[in-house]
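Residue numbers (the working numbering): 60 to 1014. Built from N, CA and C at the ideal position, the CB exists for glycine as well. Computed from a prediction, not measured in an experiment: that's the story for all the values here. Notes follow once the structure below has been shown.
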């Protein structure tokens, strides 16, 4: 025997509430834009941190839907993001529970979250931004994960009780790409306000017309308190509750209410009257500017309409032809139902029976072939020895791939023709047979091409009729990727190596890799060689003889790699820039005696030493390696002598070892659990010349329990009373929180020496140069007023912090974009606490890639902390978004520039009073620099930040 089970749900029944979401199933489409009405792109999400990701607009998809004719499909690749949002007005007078529901399905997503945690680790989320009547925003935005990947439609419902009466909610749905193409389908979105008498809530007055979604079939589900509908090819079936024996029921059906070509027939529509005596009659309603009049009625049987009343419920079977339709309409029908009795009149839509105020009935469409899931490649299965990192080793090859489709067939037909593949490449074509009611997996080979963005197209036909046609954006990797062991080599190193990741299929049997080292200054080739392809990863070594050494980190050479087949035909190529530098000369650090902030809030040690710390947040062996490379702060973990860790030394051993390397220690902790030990050890620890201070326990600062407030006061008291003033940094590692001491939630107390002031920040990646003093988010804050904070430039796919988005002094500095950042450090620069994040330590080469960054920082350090120079700088045009700072150090001027416009720009920069100046662009960066008198011309790409060294004759 066989048993089929499908669509099993256990859902608590709700009252017949008003859905406050406009156009919840995307049936109403704006005729100009082609997008669903009432829906907007998502707002930038401060929580998930998708700043800089490529936004891809979602599309209407008629090939798959939970109900009605279509759904919305958001398809994204890798670091793309897609989604949509809608503002829902409630105008609450008191906090009432909010219920949200959604149907969704997710395909090709590797996002996962901890058990029971609805959060952005899952990458597809419904988030509610709750705005209160008093103008504040709920601190924790309710977030609901939209399911696990690779199965059919899910229904999810969640609820929460607002903290205060709600003005409006922004309902936002987003998905982040993690594979060649991740797809999220959404449909039937609901948001209800729950109360004893929901029909009288202010939100009901703001609600859109009601929507009723029909099921496919001949039997609508019978529910005691609401109207339900079903339909087949020829009939509409309605189930309508009859609450009182004495009630008369009027059913209005307007098949043309949503017609894009309105004429007088739109205002002349069928009406069915269900009498107290059990009679069912049909007539016409005439709508004239909102005034509705009924004409003569005839028995429903004359139009083929059958009716039945039993158990206080009417059931109607209405032929489409009887209401003016030839077949199932893909437009929604106008619908309203009126109950008239001794208690007066009640209407299903709560509004009039005229065309404008009718609700919507969305008909179920005839079953059709449905695409349940699609996989574009199986690289991870065939190369199990390779990393499954979705950037270095994507699951799709360049060249030949094997795709897998799952198709469900609810139709009577069983034989189809499938055509699928990449636009413009040879595609797969074949006949397929899928029995009615079954799902079939189809696997086939296709050619994905040699890299780049393309479209994967699927077309299924039955004879000459197209049954299913859709496409997905697809990123195909380049045939090879080259990763040098380092981006900068020291002069004492005689050779270098590169990993070549071969991402082409099939590998040529006698293929080879050719390497050339090119001098970018002369254009000449300084080395050439070749190697056999060793498989998915080939390691190639090459000598550094003849490679010049620079004082500054300039990548003035590049390695060019070519993959060729046995005939010498090129399959793919890749380049990797590099340079050669002297080891960083560490700046001497003085023993700490005092820590304070100057009048500008900058951190000053011992009264005159301006400090620019770098605190790696890494494993201990990596922290020490970073210090050897040039870092000057070790941000370790606080462990007392009496409670040591097996993996980390105690705080005294760690501080002493770091001090011997010439750097300070600024640990995370002590937390509340370590305060007993810290009381005993504080005098000795704070007296150590290399102990800079600490990050106490990182927690959220609203609604703190009393024990956390006590902990905070105690640790501040210990620091405040000690003769050696050290630094306290309050904040979360990945959140940037500023607390205004004038606000009552953080009462002013005797300020501890060393409170930090946010002054400079970074723009990571190739554009990080000099950006710390240039970003648009920079604010000059009074250090005597603001308690602390930490500001990070970072990208995170996880979320272990919650940010109060409405907090007016909150600054969020995230990476500008994801794609250019892969081989760069993620930096956070604060006078007082500066994080160097470990994004790259998970990749080949680890901390060695930081060499050039430390070298450059060593050169720029004194320039960053210098005062601004007097000459006025003017940028033309102003709207170019080119930001500037002019510094004067060692008799020379340094012009710091950064492109904040997020697009390529050209501009000219006039420096007043520097006549006869000479200009040199540092670090051999690209652009088209030209100098005319005291005006500088250049071109910046959207990621560029340039430094110019300027010499001018004395006036």
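Compute the Euclidean distance between the alpha carbons of residue i and residue j, then round it to the nearest angstrom.
i	j	result
residue 62	residue 631	52 Å
residue 312	residue 360	17 Å
residue 476	residue 492	9 Å
residue 695	residue 709	10 Å
residue 868	residue 116	Model confidence at residue 868 stands at a pLDDT of 26, short of 50, so the residue's coordinates are unreliable; what they give is reported in the following sentence. Cα to Cα, residue 868 sits roughly 32 Å from residue 116.
residue 416	residue 70	31 Å
residue 256	residue 73	13 Å
residue 730	residue 752	14 Å
residue 629	residue 119	40 Å
residue 756	residue 419	55 Å
residue 438	residue 536	12 Å
residue 732	residue 776	17 Å
residue 545	residue 570	26 Å
residue 857	residue 200	Residue placement at residue 857 is poorly supported in this model, since its pLDDT is 28, which falls under 50; the coordinates are not used for a value here.
residue 209	residue 935	52 Å
residue 413	residue 351	6 Å
residue 667	residue 691	18 Å
residue 589	residue 994	48 Å
residue 960	residue 953	22 Å
residue 339	residue 323	26 Å
residue 587	residue 555	13 Å
residue 919	residue 930	20 Å
Indicate the three-state DSSP secondary structure (helix, strand or coil) for residue i in the structure shown.
i	result
residue 68	coil
residue 31	Residue 31 is absent from the model: the chain starts at 60 and stops at 1014.
residue 254	coil
residue 932	strand
residue 144	strand
residue 113	strand
residue 976	coil
residue 315	coil
residue 435	coil
residue 264	helix
residue 648	coil
residue 1103	For the chain, the structure presents residues 60 to 1014; residue 1103 sits outside this window and is missing.
residue 702	coil
By alpha-carbon positions, which one of the options ends up nearest to residue i?
i	options	result
residue 122	424, 205 and 618	424
residue 928	939, 940, 934 and 948	948
residue 250	186, 292, 308 and 240	186
residue 408	264, 979 and 191	264
residue 1019	551, 614, 558 and 595	Outside the shown range of the chain (60 to 1014) lies residue 1019, about which nothing can therefore be said.
residue 97	229, 133 and 201	229
residue 634	436, 543, 665 and 597	543
residue 617	624, 706, 643 and 582	582
residue 783	764, 743 and 767	743
residue 473	499, 159, 463 and 944	499
residue 1025	972, 163, 348 and 158	Not covered by the structure: residue 1025. The range shown for the chain is 60 to 1014.
residue 78	260, 643, 780 and 691	260
residue 344	309, 322, 358 and 334	309
residue 1000	734, 957 and 971	957
residue 81	202, 165 and 269	269
residue 370	348, 405 and 282	282
residue 320	295, 357, 390 and 206	390
residue 8	952, 968, 925 and 951	The structure shown does not extend to residue 8, since the chain spans only 60 to 1014, so no value can be given for it.
residue 945	914, 975, 963 and 1005	1005
residue 372	354, 479 and 334	334
residue 684	983, 739, 716 and 599	716
residue 679	714, 707 and 653	707
Three-pair Cβ contact test at 8 Å for the region 90 to 102 versus the region 299 to 314
With the cut-off at 8 Å, the region 90 to 102 and the region 299 to 314 do not touch.
Inter-stretch contact (C-beta, 8 Å, three-pair minimum) for the region 378 to 385 and the region 312 to 329:
yes
Tell me, please, whether the region 503 to 523 touches the region 481 to 491 by the rule of three or more beta-carbon pairs shorter than 8 Å.
yes
Check whether the region 551 to 571 and the region 458 to 469 touch, using three or more Cβ-Cβ pairs below 8 Å as the test.
yes
Below 8 Å, how does it come out for the region 507 to 523 and the region 584 to 604: are there three or more Cβ pairs, yes or no?
no
What are the uninterrupted segments assigned as beta strand (DSSP E) that are 3 or more residues long and contained completely in the region 320 to 402, given in chain order?
327 to 333, 339 to 347, 350 to 353, 365 to 368, 372 to 378 and 392 to 400
For the region 223 to 236 and the region 135 to 154, state whether three or more C-beta atom pairs, one from each stretch, are separated by less than 8 Å.
yes
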